[in-house]
Amino acid sequence: MSTATPVEEDEGTRIARQRFSEGKRAERRLGLMLVSPAVILMILVTAYPIAYAIWLSLFRADMRTPDQNEFVGLENYVTVLSSSIWWKAFGFTLLLTVVSVVLELILGMLLAIVMHRTIVGRGLVRTSALVPYAIVTVVAAFSWRFAWSQGMGWLAGDSAPLTGEWSSFWIIVLAEVWKTIPFMALLLMAGLALVPEDLLKAASIDGATAWQRFWKITVPLIKPSILVAVLFRTLDAFRIFDNIYVLTGGANETSSVSIVAYNNLIKGLNLGIGSTMSVLIFVTIAIIAFIFVKLFGAAAPGSDEGRR
Amino acid sequence: MSAAIATPKTKAIWWGVNILVLLYAFIPVIWIVSLSLKPDAVLNDGRFFPSQLTGEHYEAIFQNNDFTRALINSIGICLISTFIAIIVGTMAAYAVARLDFPGKKFVVGASLMIAMFPQIALVTPLFKILTGIGLFDTWLGLIIPYITFALPLAIYTLSAFFREIPWELEKAAKMDGATPYQAFRKVIAPLAMPGVFTTAILVFISCWNDFLFAISLTSSERSRTVPAALSYFTGATTFEKPTQSIAAAAVVITIPIVIFVLFFQRRIVAGLTSGAVKG
Chain A
9 MSTATPVEED
19 EGTRIARQRF
29 SEGKRAERRL
39 GLMLVSPAVI
49 LMILVTAYPI
59 AYAIWLSLFR
69 ADMRTPDQNE
79 FVGLENYVTV
89 LSSSIWWKAF
99 GFTLLLTVVS
109 VVLELILGML
119 LAIVMHRTIV
129 GRGLVRTSAL
139 VPYAIVTVVA
149 AFSWRFAWSQ
159 GMGWLAGDSA
169 PLTGEWSSFW
179 IIVLAEVWKT
189 IPFMALLLMA
199 GLALVPEDLL
209 KAASIDGATA
219 WQRFWKITVP
229 LIKPSILVAV
239 LFRTLDAFRI
249 FDNIYVLTGG
259 ANETSSVSIV
269 AYNNLIKGLN
279 LGIGSTMSVL
289 IFVTIAIIAF
299 IFVKLFGAAA
309 PGSDEGRR
Chain B
6 MSAAIATPKT
16 KAIWWGVNIL
26 VLLYAFIPVI
36 WIVSLSLKPD
46 AVLNDGRFFP
56 SQLTGEHYEA
66 IFQNNDFTRA
76 LINSIGICLI
86 STFIAIIVGT
96 MAAYAVARLD
106 FPGKKFVVGA
116 SLMIAMFPQI
126 ALVTPLFKIL
136 TGIGLFDTWL
146 GLIIPYITFA
156 LPLAIYTLSA
166 FFREIPWELE
176 KAAKMDGATP
186 YQAFRKVIAP
196 LAMPGVFTTA
206 ILVFISCWND
216 FLFAISLTSS
226 ERSRTVPAAL
236 SYFTGATTFE
246 KPTQSIAAAA
256 VVITIPIVIF
266 VLFFQRRIVA
276 GLTSGAVKG
């Protein structure tokens, strides 16, 4: 840099440096200009409403009784946190999240390996694996609902599994897992592509079985991909709404937290309680994300450090 | 592993595995198509394939104003959202991928947070805000949240694509006297088109798929999109069960997307994985 020769800097270098810093400044200005619409929009549509939700959660704000709206402090939080409906939904959502993500990871890994390794019809497999991803969640949910409807469905026969709590749970898991395996598999497959083939071959020559190669070489190498996929899917599964809404409507104690919050808002028109639940869901998601990033060191996609 | 050891036996095994994948992917789709083609007489026979075929449900839904209106809403809202999200996202992604400016980490972090944001947490305040400013149950009332949630996806995918572009060309353009803006518009933008196109497909699919905002922030056929309209479907008469109509409508909104995705399979895989893996 030009700082190496500060004293006897000739006219040429001075101009060059000036141009350089002008270019730098122009670049910064352009950068800020280009990102500002996106940033302003994102802040306006998320940060502001979240702040507003926190504010609303401190009020009794029931749209059916607008004249009784008043500041109630943390009363809404006490109401929600001591409500068995909330905790039942919270437990249900957590269980659903854990079960779905574990199944997705196993099946997604299998699909990723098939897509990566198959020696025949690779294009066909990769293409058709995208079908569940492309289908509207609500459409797939209807397909599962009809399939498990008594009499009508090819899977149900004479039973009515969507009227029981646990049978409903497993059908919701099925619908959720079916839809999201491809996403998981694609992320994992991208990781698999980075595993050096020579390494696997060398291990194979040294007598490692396929199982050992998978656990000792592949898994450690694609750990970043696994963590990103699991993080994304966990946060996504925790907000499950569409599948439950269509499959059971939250009946038979199958409500997720999103369903309960929705019911309080749209059916109950209770903005105070609805906002309180919004804030609690937001906090839960933030905690889950924090745990992943801090404990497991999941490098978030887009954060340059540690990744390239 | 490699093609060199592909004996007929291993080939046959792989075909078996492939068929399992195909069954996994297509069974629920074939089932909903099958339902949409079943006449009422055989609706409750519990068979996977229809024993009789009818196209009446397709005719019926296209004569149903709620459905056609919802279809127009869906197409209009998703196209506008995609268009705006791509423009705003392209600008931001270019800056993130190429330029050095203060607050870059903040942009990346903020969009990551939004990608993971629980949408339900926004439903209550947005409901109240949109009602307050008169945008509840309007196209714009859905377009705004759709753009916002499409932006992180757009920024990640696009900036990953942008990093792959040969930037020496930009330097060359600048040396020839182009401003950074001209270099962006005249040299880089055309090279970036495939990535932009792929991202547009992904963004469109995510809008097309949305259900939560669609049922929470609309209340009539004015702006209700197809996924939301499906859940309000009733039969043509009160005695008719809407099952096959729902199935037919589901097929109508599914098939174009599936064909589109199958057609651009390679690009979509690249797009879906680029953001998450290459960062």
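From first to last, the protein sequence lines are chains A and B. Taking our numbering as reference, the numbering of the first sequence is continuous, increasing by one, and the terminal residue is 316. Taking our numbering as reference, the numbering of the second sequence is continuous, increasing by one, and the terminal residue is 284. Glycine residues also receive a C-beta, built at the ideal position from the N, C-alpha and C atoms.
Where B:K43 falls, given that 16 or more other Cβ within 10 Å makes a residue buried:
buried
Can you tell me whether DSSP reads B:E169 as helix, strand or coil?
coil
Alpha carbon to alpha carbon, how far is A:F222 from A:L118?
12 Å
Residue(s) in a DSSP beta bridge with A:E321
Only positions 9 to 316 of chain A appear in the structure, and residue 321 of chain A is not among them; the question remains open.
In or out: A:M160 buried (at least 16 other Cβ within 10 Å) or exposed?
buried
What runs of the beta strand (DSSP E), each 3 residues or longer, lie entirely inside the stretch 45-72 of chain A?
none
Using the Cβ count rule (16 or more neighbours within 10 Å means buried), how would you classify A:L132?
exposed
How far does the alpha helix (DSSP H) with A:Y253 in it reach, from first residue to last?
250-255
Contact criterion: CB-CB distance below 9 Å. Does B:K191 meet it with respect to chain A?
Judged by the 9 Å Cβ criterion, B:K191 is not in contact with chain A.
Could you tell me the boundaries of the alpha helix (DSSP H) in which A:S91 lies?
Run containing A:S91: none; DSSP gives neither H nor E here.
May I have the straight-line CA-CA distance separating B:W95 from B:L163, to the nearest angstrom?
The residue you asked about is not Trp; residue 95 of chain B is Thr in the sequence shown. So the alpha carbons of these two residues sit roughly 7 Å apart.
Determine the chain B residues that contact A:R36 at a beta-carbon separation under 8 Å, and present them in chain order.
L104, D105, F106, P107
Mind pulling the chain A residues with CB within less than 8 Å of B:S211?
Result: empty, since nearest Cβ-Cβ is about 11 Å, beyond 8 Å.
Do you know offhand how far A:N77's Cα is from A:Y56's?
21 Å
B:G21 classed as buried or exposed, judged by whether at least 16 other C-beta atoms fall within 10 angstroms
exposed
Check for me: the alpha helix (DSSP H) holding B:K109 runs from which residue to which?
109-120
Three-state secondary structure assigned by DSSP to A:E78:
strand
Give the interface partners of A:G116 over in chain B, defined as CB-CB distance under 9 Å, in chain order.
Here the premise fails: no neighbours, minimum Cβ distance about 12 Å.
When you compare the CB of B:V26 with every CB in chain A, is at least one pair closer than 9 Å?
yes
6 Å Cβ shell around A:D18 - same chain, five flanking residues per side excluded
Within the same chain, and ignoring the five residues on either side of A:D18 in sequence, no residue has its Cβ closer than 6 Å to its Cβ.
Out of curiosity, what's the CA-to-CA distance linking B:P130 and B:G60?
43 Å
Contacting positions in the stretch 38-61 of chain B - beta carbon closer than 7 Å to chain A
Within the stretch 38-61 of chain B, contact with chain A at the beta-carbon level (separation under 7 Å) is assigned to L40, L48, N49, G51, R52, F53.
Taking only beta-carbon atoms, is B:T143 less than 9 Å away from chain A?
no
Look at the Cβ atom of B:V256, then the Cβ atom of B:I91, and state whether they are nearer than 9 Å.
no
Taking only heavy atoms of the ligand HEM into account, decide whether any of them is closer than 8 Å to the Cβ of B:Y99.
Among the components modelled here there is no ligand, and therefore nothing to report on the ligand HEM.
Are the stretch 25-37 of chain A and the stretch 94-113 of chain B touching, with three or more C-beta to C-beta distances below 8 Å?
The stretch 25-37 of chain A and the stretch 94-113 of chain B touch, with no fewer than 3 CB-CB distances between them shorter than 8 Å.
Give the residues of chain B in contact with A:G161, contact being defined as C-beta atoms less than 9 Å apart.
W36, G51
Report the residue from A:T126, A:D206, A:L202, A:L102 whose alpha carbon sits nearest the alpha carbon of A:I289.
A:L102
Check whether A:I225 and A:L200 have beta carbons under 9 Å apart
no
Among B:T278, B:D45, B:I125, whose alpha-carbon lies nearest the alpha-carbon of B:A219?
B:I125
Do the stretch 252-267 of chain A and the stretch 89-104 of chain A make contact, defined as three or more Cβ pairs closer than 8 Å?
Short answer: they touch.
Exposed or buried, which one is B:S224 when buried takes at least 16 other CB atoms within 10 Å?
exposed
Closer than 7 Å at the beta carbon, the chain A residues around B:Q270
R134, T135, L138
Exposure of A:R247, with buried meaning 16 or more beta-carbon neighbours within 10 Å:
buried
Put A:N271 into one of helix, strand or coil per three-state DSSP.
helix
Tell me where the alpha helix (DSSP H) around B:G94 begins and ends.
For B:G94, the enclosing alpha helix (DSSP H) has its first and last residue at 70-103.
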